[in-house]
Every structure is written in structure tokens, then in C-alpha cells.
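The structure appears right after this line, and notes come after that.
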């Protein structure tokens with residue numbers, strides 16, 4: 009009894025600094041998440057009175073909720089179908105073009121949906137080049153691929169966006185898994201499948217569950233993809249919230265729907281943190297040369313080639329269609345679209361740099377890129393700092409941690425419209441005023457990026473054997489020195505991966521921040537939307553050109569960061 | 018001695034600094050050069066020439082700060098949500114479909130501008146002078162000229178014609194629940210066929226394979242055959258000014274627009290945009306000046322090529338592209354703003370049940 013008490017005191021004392029540091033992300037969360045969201049709910053309830061009739065209400069909630077869950081389930085399933093094999097080959101094999109491929113799979117995250125929709129249309133739309141090509145070859149009267157405005161288009165776009173989550177979250181953990189375990193299992197007579205089910209899967213379970221949950225929540229709250237590629241036959245909760253709040257100005261209804269979305273999310277994240285808890289295995293950091301090998305058997309080679317081909321078709325071709333479109337001038341000779349004359353042109357790029365209408369809101373491309381990058385970098389700093397602190401707290405084994413974990417996931421399941429309006433409601437006077445506090449934009453991005461960052465950093469943090477830090481401390485190293493020389497090198501890969509996630513989320517985010525955007529700080533998505541909001545071939549071409557520039561510059565930035573290794577640190 | 022020199026130096030430099038401040042601060046207090054800030058909240062489509070804004074700023078010693086706040090609905094939401102601590106002095110962009118709602122929220126102060134004498138009386142819908150008309154545009158069906166001439170197809174002359182078999186599958190419209198031109202087109206059909214007849218009409222349109230998409234961007238850039246998307250529908254719900262934009266934003270010089278709009282009676286719906294002074298402004302005098310400025314000939318002549326809308330000021334001369342390539346409906350459809358505010362949700366839900374379910 010006495011002994012137990014003593015032990016408890018000791019433990020809580022040991023955890024005290026961790027808890028204090030863990031409070032920083034909580035304070036951030038209370039101010040920038042709970043305050044705005046609860047303000048919106050309070051206002052919605054105030055306004056609600058008795059406008060809402062219950063009998064009409066239930067179908068209006070049930071339908072979008074059912075569809076949100078259903079399409080998220082299907083999308084996650086198909087994303088996993090491509091994502092898990094892709095994660096496996098990225099983690100286990102060396103093949104030519106691997107680092108380029110890894111970067112390209114990240115690019116969809118930064119692309120505004122409006123351009124992605126255009127890319128899909130240029131690729132598989134009724135007059136997309138694949139259909140035109142197939143019609144010519146097989147002499148068909150109708151386009152063979154007709155998936156735009158169907159559930160298939162929604163699923164395809166979600167696979168396009170989220171495959172990278174599987175590659176990075178599961179692939180990251182997989183690369184840390186000691187091959188010797190699998191060899192040992194194999195030499196004891198287990199088949200490959202048995203080894204995967206009994207050894208690999210249990211060890212990678214946290215990473216699997218994390219990836220599934222992240223992708224599911226992303227699909228569950230999907231908005232622009234549903235609107236633009238699914239068409240009017242489909243509505244998720246998020247689409248309904250948008251319509252209710254911004255087109256019908258019915259805040260109570262929007263509040264109610266986003267409340268339901270939030271409860272569902274909370275339910276899901278609670279189950280997640282409950283089942284996932286205490287199941288983290290220590291995976292020692294591995295040298296890539298030890299885990300990655302060249303494919304040797306024919307089957308392995310075939311497998312890699314087919315996965316790469318699939319990734320190329322689903323991820324690269326739509327993006328490439330955009331790039332090609334930005335360099336092509338189309339002159340139709342007949343209205344049927346049969347005789348189109350394609351010409352190479354640079355004029356869309358040239359015109360980006362001219363303020364033709366002398367508009368006060370003209371966005372020079374360089375400025376837009378600069379703004380996007382600065383906001384992206386601030387987001388990375390915030391997200392890594394808070395994500396690291398939160399991860400440290402999460403690696404403690406207390407009950408408090410489970411709640412903490414579930415709460416930090418909530419922004420992913422929160423309606424962007426609700427969060428954006430909440431920001432306006434709460435932050436409209438000094439000291440934090442939307443009009444004069446530009447940090448609110450990276451802060452909103454940080455909220456969305458944080459769950460990803462935590463999912464990547466926390467497993468890496470747990471993987472550091474306590475032996476290392478203890479022996480360093482025993483040898484007289486200061487905590488700072490231990491952090492710098494032991495933790496940081498081991499975590500550097502996770503930091504890079506998490507940082508890239510935060511960066512790409514920030515660059516592409518267009519939900520909550522439309523409410524906060526400032527004309528003096530235009531970003532690339534805003535510039536693209538400005539072009540696409542008016543008719544004219546030139547506007548369309550310039551939007552494609554801007555999207556291409558965004559793609560290329562981000563790919564270069566990610567490439568550099570992935571290459572970057574802190575001096576004196578070997579590549580873990 | 019050395020020390021004294023040092024102090025002297027410090028003293029002299031201090032004096033110089035003070036003097037410098039003095040020199041600069043004198044004209045500030047005399048001419049009141051320190052500019053005030055005027056906040057103007059508006060939607061993302063707002064645009065204006067840099068030169069005329071800096072002219073206004075110079076004349077009134079003010080810095081105009083624009084808060085672009087999403088689409089019309091989002092911007093209005095922002096103004097309503099923050100009405101207890103207003104974020105701006107002037108709000109531009111309320112249209113006739115949101116007007117009644119905006120007025121009932123009491124977010125505007127009345128202001129009877131002297132410039133109203135030049136404003137088209139038909140557009141002055143708010144008799145309490147809280148919302149003053151700035152511009153208007155007509156949501157009309159645009160058509161691909163080449164398609165109709167090459168297929169020797171006659172143009173639909175009215176909304177009723179669109180249900181005829183020769184136009185099967187040729188029209189793309191936007192979802193009124195998610196798109197503002199989509200809503201306008203729905204209202205045109207309500208004005209034409211009445212509260213009892215419009216759903217029947219939509220039923221027939223649906224049977225005639227009308228294509229519905231969620232947003233104007235998809236309708237225009239993906240489905241419309243005359244745009245850069247080279248889609249499959251030669252008829253699209255857009256604005257009557259789109260043909261001019263096609264010429265101005267072409268990638269090669271054009272002498273004529275590839276598109277035009279159908280402007281028969283009740284086939285277009287007129288959107289009117291208003292400006293108002295937000296209640297609780299601390300810069301009432303400047304806000305009035307800015308409203309005057311928006312109604313003035315200078316701003317009104319700048320409007321068309323910036324936002325592709327028509328000026329409300331009758332004295333404003335139109336740019337050549339507008340007179341050459343745009344046709345203006347003589348009798349656009351219109352509905353009472355109060356009726357719109359009351360029935361909007363009912364109409365949209367009924368439409369959704371009829372067309373999408």
C-alpha cells in the first residue's frame with residue numbers, strides 16, 4: 009500500500025513537465041478551436057427558437073449523413089486498395105524513379121479542387137482525351153468512360169487525393185520494421201501471407217488504423233469534390249451545411265448539421281483512441297539500406313511495375329492533363345468538336361504577369377506564391393511544434409491521454425464553413441481581429457494539419473528505446489543535449505514527413521480560410537479562383553498555368569526538403 | 018573634456034532627432050495628413066481599377082481597405098454575424114435575392130445620396146434608402162453560335178421552347194441550391210410559369226434531358242460547348258455579359274463573340290447589386306463619400322470591364338465591347354424581394370425534389 013502510494017507520487021512527478029508542455033497544445037485548441045466552434049453553436053441555438061419542424065428534419069439529416077458515411081466508406085476502401093500495396097513497395101523496395109514518384113503522390117494534396125475537376129475532365133470527361141482516343145480507336149459513337157457526375161468520380165477523386173496518406177503513414181512505419189522478424193518467421197516455416205497476418209500486421213496495426221481513420225474523416229467531410237465531380241445528385245453533410253449557411257442563410261440548420269457531423273466524428277475518434285491505445289510497439293529506427301532492397305524475383309518486379317502504373321494513371325495523368333492544357337491553345341474548326349486544332353502556346357503564362365484590367369486586386373503570380381509559401385512555412389512551424397509537444401504527452405500511459413488524443417482529431421471532422429464562421433464570430437475585435445491578425449490563416453491550417461503531424465511523429469517518438477536516453481543521461485548529457493543528439497536525429501525523418509503534410513495541407517486548404525482571406529495576402533488558390541470566376545478562354549488558360557506553377561514549385565520544395573539531412577546526422 | 022564632447026554630441030544628435038520629428042509632425046497636425054481607414058466589406062467578385070481608388074483616397078485623405086469575404090452569401094453572413102461589432106463601414110454586394118433578408122437583419126443605416134438622381138429609378142427597390150443600387154446584370158441562357166448555325170437549328174425563342182425535342186440534352190443549368198445564377202434561372206421560370214406551373218415546366222425540362230451541375234464554373238468551363246472546355250451542351254445558364262468577356266479574354270483576336278444570349282421576355286432574371294452603410298460605423302461621413310463615389314460616373318464607367326455588370330447610373334457611357342457584343346433583355350423576369358426571402362427555401366426544396374430525386 010505504502011509502496012504503491014510512493015510509486016504513484018513518483019510517477020506523477022515524473023510526468024509533470026510533460027503535462028505542462030502538453031497543456032500548450034490544449035490552450036491553443038481551446039482558443040482557436042473550441043471558442044469559435046462553440047460560439048457558432050451558441051448562436052445557432054439562440055436563433056433556432058421554434059423554426060425547425062421535427063418531422064421534416066429527420067429525412068433532411070438522415071439522407072446526407074447516410075451518404076456521407078457510405079461514400080467515405082467506399083472511398084477509404086478503394087484508397088486502401090491502392091494505398092497499402094503502394095506503401096509496401098515504397099517501404100520495402102528500391103526502384104528507379106522512387107523519390108520522384110513519392111513527391112508526385114504528395115502533389116494532389118496541394119491542388120485546389122476546381123483545377124483537379126478540370127484536370128479530370130480534360131482526362132476522362134466526355135471530351136477528355138482518353139475518351140476521344142478510345143472513340144477513335146474503337147470507332148465508338150459515345151464516350152466509353154462516363155463517370156463524371158457519378159459516385160465513381162467521387163471515389164476516384166478521393167483515391168487521387170488520399171493515397172499519399174497511406175503511403176506516408178503506413179509506409180513510414182513499415183520502413184521502420186525490422187526485416188529480420190519476417191525472415192525469422194519465414195525460416196520457421198510460415199507462409200508469406202501468414203507472416204503478414206501474424207507478424208507485420210499486428211506490428212503495424214497503429215499505423216494502419218491511423219491511416220484508415222485519417223482518410224475516412226477526410227472523405228467524410230469532403231466538400232468540393234462532391235460538389236464539382238459528384239454533381240447535384242449527391243450531397244454530404246458538409247455540402248448541406250454549406251448550402252444552409254451560405255445560400256439559405258439558415259444558421260440554425262447549418263449549426264444542427266455540423267453538430268451531428270461533429271458528434272459522429274467524436275464517436276469515431278473515441279473508438280479509435282480506445283482501441284489503439286497501449287498497442288504501440290517499439291520499432292527501432294532502421295537504416296533504409298537495411299530494409300529496402302532491389303526487387304529480385306519476377307513476381308516482385310511485376311508487382312512494382314503494376315502498382316507504379318496504377319499510381320500513374322490515377323494520380324499523374326489528371327495532373328499531366330492540366331499541365332498540357334496550360335500550354336495548349338485550342339481552335340475549333342467545327343462546332344462538333346471533331347476538328348480541333350491544337351497549338352503550343354506560352355501566352356497563358358505570359359499574361360499571368362500582366363495586370364490587364366488595372367484591377368486593384370490583380371495578383372502577381374510571384375506574390376501569390378510567396379504568400380502561399382510564407383503561410384505554409386508558418387503552418388509547418390506551428391504544426392511541428394504543437395504536434396511534437398502533443399505527441400510527447402500522448403506517449404504517456406494515462407487515461408487523460410485517450411481523451412486528449414480523440415479531441416485533437418476533431419478539426420478533421422469539423423465543417424470548414426462552421427469553423428470559418430466561428431472565427432469571424434469570435435475574432436472580430438482586438439487583440440485578435442481577423443482584419444489585422446494575419447496569423448489566423450496559418451492557425452486555421454495548423455488545426456487541420458495537426459492530426460496528421462501527430463500520427464506521424466508520435467509512433468516515431470515511441471520507437472526511441474528508452475535505453476538510449478537513459479544511458480546518455482547516465483553518462484552526464486543534459487536533457488537538451490539528449491534531445492539534440494538522440495531524439496532529433498531519430499525523429500528527423502518523421503519531422504520531414506509530417507512537415508510536408510502540414511505544408512501541403514496549408515497550400516491547398518480553401519475551406520475555412522476563404523472567410524479569413526485578405527486581399528493584401530492573396531494566395532495561389534485564391535488567384536486561381538479569381539481567374540475561373542469569369543468567362544473567357546484566357547481566364548481558363550491562366551488558371552491552368554497558375555496551377556501548373558503551383559505544382560512545379562511545390563514539387564521542387566518537397567524534393568529539396570526530402571533531400572535535406574541535417575549535417576552530421578546519418579540517414580536513419 | 019573628452020567626456021563633455023561626447024555628451025555634447027549626444028545632446029546635439031538628440032536635438033536633431035527631436036527636430037526631425039518636429040519637422041515631420043508639423044504638417045501632420047496642420048493638414049491632418051494622417052489618413053483615416055475606411056473598411057469596405059464585399060464579395061470575392063468585386064474588382065475596381067487601382068487608379069480610381071487611389072484618386073478617391075487622395076481626395077478624401079483616406080485609406081480604403083477592402084475585405085473580400087467569399088461569395089455573396091458568405092460575405093452577407095459575415096456582416097450579419099458581426100453586426101454587434103461591425104467589421105466594416107460600407108457593405109457592397111447584397112443582391113435582390115438577399116435584399117429583404119439583409120434589411121430585416123437591420124445591418125444598414127439609411128442614406129439618401131445626392132447621386133441617386135442619376136440612378137435608374139427601376140433599380141431603386143429599397144424605399145428606406147438603406148440599400149442603394151450600384152449595378153445590375155441579367156442571368157440569361159447563352160448559346161454557342163457555331164453549333165446552331167452548323168446544325169441549322171433555330172434558336173429557342175422562349176423558356177417554353179426549351180422543352181421541345183430538338184433541344185433534348187442541349188441545355189446545362191446550375192443547381193439553385195448551390196449556385197447564384199442557378200437560383201436566378203429558377204426564379205425566371207417561377208416568374209414565367211407562376212408558383213403553380215414552374216414545377217411542371219421543370220418536369221418537362223428533366224424529361225428533355227436538361228443537365229444539372231452544381232456550380233457555374235463546371236457548367237461554363239466543362240459542359241458548355243463554346244467555352245475552352247469544349248463540352249457537350251451548346252446552351253448554358255450564364256450572364257448576358259459573358260459574350261463580351263469571351264471577346265476580351267480570348268487567346269487570339271476576335272471580331273465577334275462565339276456566344277450570344279437569348280433575351281426574350283421573362284427568359285432572363287435581373288440581378289441587382291446594392292451598397293449600404295453598415296450600422297454602427299464610426300466613419301459615417303467617409304462612408305457616405307464612398308457610397309457617393311460608387312454611384313458616381315467615374316466608378317460606374319469603370320464597373321463594366323471590372324465586374325462585367327451594367328452600371329446603375331444612366332449617365333455612364335458603356336465600353337465598346339458592351340454595346341457591340343451584348344444584348345440586353347427589354348423585359349427581364351423579376352420577383353418581389355420579400356417574396357423571394359419568404360419562399361426561397363421552399364422553392365429550392367421543391368425544385369430539388371422534382372429535378373434531382
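Chains as they are written, first to last, in this note's numbering: chain C, 9 to 580; chain U, 18 to 374. Glycine included, every Cβ here is placed at the ideal spot set by N, Cα and C. These figures come from a predicted structure and were not determined experimentally.
Express the C-alpha separation of residue j and residue i in angstroms, rounding to a whole number.
{"i": "residue 203 of chain C", "j": "residue 275 of chain C", "result": "33 Å"}
{"i": "residue 261 of chain U", "j": "residue 323 of chain U", "result": "12 Å"}
{"i": "residue 219 of chain C", "j": "residue 196 of chain C", "result": "31 Å"}
{"i": "residue 142 of chain C", "j": "residue 189 of chain C", "result": "48 Å"}
{"i": "residue 200 of chain C", "j": "residue 444 of chain C", "result": "59 Å"}
{"i": "residue 15 of chain C", "j": "residue 448 of chain C", "result": "With a pLDDT of 46 at residue 15 of chain C, under the threshold of 50, the modelled position of this residue cannot be trusted, and the question is left open."}
{"i": "residue 425 of chain C", "j": "residue 235 of chain C", "result": "14 Å"}
{"i": "residue 460 of chain C", "j": "residue 230 of chain U", "result": "33 Å"}
{"i": "residue 76 of chain C", "j": "residue 251 of chain C", "result": "15 Å"}
{"i": "residue 344 of chain C", "j": "residue 164 of chain U", "result": "Unreliable positioning characterises residue 344 of chain C in this predicted model, as indicated by a pLDDT of 47, which lies under 50. The coordinate reading is nonetheless provided below. Using only the alpha carbons, I get a separation of about 7 Å."}
{"i": "residue 6 of chain C", "j": "residue 45 of chain C", "result": "Residue 6 of chain C is absent from the model: chain C starts at 9 and stops at 580."}
{"i": "residue 359 of chain U", "j": "residue 211 of chain U", "result": "15 Å"}
{"i": "residue 59 of chain U", "j": "residue 198 of chain U", "result": "18 Å"}
{"i": "residue 562 of chain C", "j": "residue 87 of chain C", "result": "23 Å"}
{"i": "residue 496 of chain C", "j": "residue 194 of chain U", "result": "51 Å"}
DSSP three-state label for residue i, please.
{"i": "residue 256 of chain C", "result": "coil"}
{"i": "residue 147 of chain U", "result": "coil"}
{"i": "residue 343 of chain U", "result": "coil"}
{"i": "residue 575 of chain C", "result": "In this prediction, residue 575 of chain C scores a pLDDT of 42, lower than 50, which makes its location untrustworthy; the coordinate-derived value is nonetheless stated afterwards. In this structure, residue 575 of chain C counts as coil in the three-state DSSP scheme."}
{"i": "residue 445 of chain C", "result": "coil"}
{"i": "residue 58 of chain U", "result": "strand"}
{"i": "residue 153 of chain U", "result": "strand"}
{"i": "residue 357 of chain U", "result": "helix"}
{"i": "residue 288 of chain U", "result": "strand"}
{"i": "residue 105 of chain C", "result": "coil"}
{"i": "residue 188 of chain U", "result": "strand"}
At a cut-off of 7 Å, would you count residue i as near the ligand PLP, judging by its Cβ distance to the nearest heavy atom?
{"i": "residue 221 of chain U", "result": "Among the components modelled here there is no ligand, and therefore nothing to report on the ligand PLP."}
With distance defined between alpha-carbon atoms, name the residue in the options nearest to residue i.
{"i": "residue 190 of chain U", "options": "U:181, U:182 and U:201", "result": "U:201"}
{"i": "residue 77 of chain U", "options": "U:300, U:225 and U:325", "result": "U:300"}
{"i": "residue 242 of chain C", "options": "C:404, C:160 and C:205", "result": "C:160"}
{"i": "residue 137 of chain C", "options": "C:205, C:122 and C:154", "result": "C:154"}
{"i": "residue 292 of chain U", "options": "U:119, U:79 and U:80", "result": "U:119"}
{"i": "residue 128 of chain C", "options": "C:186, C:34, C:323 and C:535", "result": "C:323"}
{"i": "residue 361 of chain C", "options": "C:546, C:395 and C:303", "result": "C:546"}
{"i": "residue 110 of chain C", "options": "C:148, C:173 and C:438", "result": "C:173"}
{"i": "residue 237 of chain U", "options": "U:276, U:219, U:205 and U:217", "result": "U:276"}
{"i": "residue 278 of chain U", "options": "U:116, U:186, U:330 and U:162", "result": "U:162"}
Going by the beta-carbon positions, is the gap between residue i and residue j smaller than 8 Å?
{"i": "residue 99 of chain U", "j": "residue 493 of chain C", "result": "no"}
{"i": "residue 375 of chain U", "j": "residue 344 of chain U", "result": "In the structure displayed, chain U extends from 18 to 374; residue 375 of chain U sits before or after that span and is not available."}
{"i": "residue 109 of chain U", "j": "residue 63 of chain U", "result": "yes"}
{"i": "residue 455 of chain C", "j": "residue 260 of chain C", "result": "no"}
{"i": "residue 362 of chain U", "j": "residue 258 of chain C", "result": "yes"}
{"i": "residue 434 of chain C", "j": "residue 43 of chain C", "result": "yes"}
{"i": "residue 365 of chain U", "j": "residue 114 of chain U", "result": "no"}
{"i": "residue 336 of chain C", "j": "residue 352 of chain C", "result": "yes"}
{"i": "residue 255 of chain U", "j": "residue 134 of chain C", "result": "no"}
{"i": "residue 515 of chain C", "j": "residue 468 of chain C", "result": "no"}
{"i": "residue 88 of chain U", "j": "residue 112 of chain U", "result": "no"}
Name, going along the chain, the residues of the region 357 to 370 of chain C whose beta-carbon falls closer than 7 Å to a beta-carbon of chain U. 365, 366, 367, 368 and 369
May I ask you to list, following chain order, the residues of the region 415 to 445 of chain C that have a beta carbon less than 7 Å from some beta carbon of chain U? 429, 432, 433, 436, 437 and 443
Residues within the region 75 to 104 of chain U neighbouring chain C, beta-carbon criterion of under 8 Å: 82, 83, 84, 85, 86, 87, 88, 90, 91, 93, 94, 95, 97, 98, 99, 102 and 104
Interface residues of the region 448 to 467 of chain C facing chain U [CB-CB below 8 Å]: none
Interface residues of the region 110 to 139 of chain C facing chain U [CB-CB below 9 Å]: 122, 125, 126, 129, 130, 133, 134 and 135
Name, going along the chain, the residues of the region 214 to 243 of chain C whose beta-carbon falls closer than 7 Å to a beta-carbon of chain U. 235, 236, 239, 240 and 241
Which of the residues in the region 139 to 150 of chain C, read from start to end, lie with their CB under 9 Å from any CB of chain U? none
Chain U contacts made by the region 515 to 532 of chain C, where a contact means CB separation under 8 Å: 522, 523, 525, 526 and 527
Could you name the residues of the region 324 to 337 of chain C whose beta carbon sits closer than 9 Å to any beta carbon of chain U, in the order they occur along the chain? 333 and 337
So if I threshold CB-CB distances at 8 Å, which residues from the region 49 to 76 of chain U count as touching chain C? 56, 61, 62, 63, 64, 65, 66, 67, 68 and 70
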